[in-house]
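In the working numbering, the protein residues as written are 746 to 947.
The structure under discussion appears below in the form of structure tokens.
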């Protein structure tokens with residue numbers, strides 16, 4: 746795997762497949778952090794400083810240190826192995842930016858949903874949007890220092906997820922844990938594609 750500090754700007758000749766992945770979640774769950782922690786290139790960010798205009802619009806409960814917000818997208822790249830590269834597109838979390846999702850979702854193989862157990866209810870509408878779009882997804886639970894710990898099955902029930910939907914714990918600041926979450930998504934989407942292909946063939 747290519748390291749974050751790699752000076753290589755170009756893909757190795759061995760890469761055979763490039764895959765588009767969306768990274769979504771409610772406001773302030775750690776999408777920008779995750780993309781930045783795994784990207785082997787300097788991530789593209791469209792962050793703006795939060796102003797008084799966001800007061801009463803963006804809920805900053807539990808996020809007293811947050812001073813910026815994504816207004817268009819985050820973009821990063823990670824080479825998972827010698828033949829597969831992921832292009833990551835992080836979406837804005839606020840509802841007023843959700844119209845951007847349609848364009849960003851075009852051509853995406855799957856979605857990594859970041860959730861924060863301190864504000865789990867904020868993820869309900871996000872998951873509903875994904876179900877409307879019919880995109881396969883995995884859930885990554887970003888473990889903040891003051892987050893309560895829950896079991897995977899507790900979270901699956903709380904989020905009303907299907908039994909086969911992957912739920913993984915991660916710290917978006919840590920590269921290894923974030924990469925593992927992406928691998929879980931890719932493996933899940935690959936399995937879904939294999940099952941659908943068999944169903945079509947039969």
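Glycine included, each C-beta is placed from N, C-alpha and C at the ideal position.
- Checking the DSSP bridge columns, you'll see residue 765 partnered with 832.
- The DSSP-derived three-state label of residue 775 is coil.
- The C-beta of residue 876 has fewer than 16 other C-beta atoms within 10 Å across all chains shown, which makes the residue exposed.
- Assigned with DSSP and collapsed to three states, residue 889 falls in coil, not helix or strand.
- According to the DSSP assignment, residue 879 belongs to no beta strand (DSSP E), since it is labelled neither H nor E.
- Under the DSSP assignment, residue 858 falls in the beta strand (DSSP E) whose first and last residues are 855-860.
- The residue from 929, 934, 937 and 920 with its alpha-carbon nearest to that of residue 779 is 920.
- The residue from 854, 871, 906 and 847 with its alpha-carbon nearest to that of residue 832 is 854.
- At a Cβ-Cβ threshold of 9 Å, residue 846 and residue 906 do not count as neighbours.
- At the C-beta level, residue 771 and residue 844 stay beyond 9 Å of one another.
- The C-beta of residue 916 has 16 or more other C-beta atoms within 10 Å across all chains shown, which makes the residue buried.
- By the Cβ criterion, the stretch 922-930 is in contact with the stretch 817-827, since at least three pairs of Cβ atoms, one from each stretch, lie closer than 8 Å.
- Straight-line measurement puts the Cα of residue 894 at about 8 Å from the Cα of residue 862.
- Scanning its chain for C-beta atoms nearer than 7 Å, with the 5 sequence neighbours on each side dropped, one finds around residue 871 the residues 769, 770, 771 and 858, in chain order.
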